[in-house]
Amino acid sequence: MPAWNIKHSPNTITTLEKEQLAKSITRLYVSYGLPAFYVQVHFTEEAPGTAFVGGEPHPSFAAVTISHVARAFKNDETKRQFLADVDGILNPVFEPKKMEWEYWVTEVSRDLWKINGLVPPQPGSEGEKEWVRLNKAVKL
């Protein structure tokens, strides 16, 4: 599961942009071989007076937390490529609006992950290929 939590200032990201971002983010992970249903994208519009940067309210900011469970980066080159891919998704939406943003990626142990009570199949396994084909978690 990659889960993206995008917290943002009010009225900075439209519903259409949210949909486009979610689709682009999902395509990124599908290109790495993950089932589309693994990908979660959550948008939270911060109410005025509830988010601060440097101790001050910020009118046009996004904080993006990306949590990875399904896969871990194997090397520095993979990390660099992933960050470039993320920039390619976020920058075209945020830069034209003169927004400021920050993102960070966390990796969580697969041992602490289940979907619908099921332990997800190992990466590249026949079980995972079946989950990709069906685009849902099923008992194997």
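Counting in the working numbering, the sequence shown tops out at residue 1140, every number present. Note that beta-carbon positions come from the ideal geometry of N, C-alpha and C, so glycine has one too. Just so you know, these numbers come straight off a predicted model, no measurement behind them.
Under the 8 Å Cβ criterion, the stretch 1081-1101 does not count as touching the stretch 1033-1047, having fewer than three qualifying pairs. Nearest to GLU1100 by alpha-carbon distance, out of GLY1054, ASN1135, SER1067, GLU1107, is GLY1054. Here the C-alpha atom of LYS1114 lies approximately 17 Å from the C-alpha atom of LYS1129. For PRO1010, there is no enclosing beta strand (DSSP E), as DSSP marks it with neither H nor E. In this structure, ILE1089 and SER1024 form a Cβ contact; the two beta carbons are roughly 5 Å apart against a cut-off of 8 Å. For the set VAL1030, HIS1008, PRO1010, the Cα lying nearest the Cα of MET1001 is the one of VAL1030.
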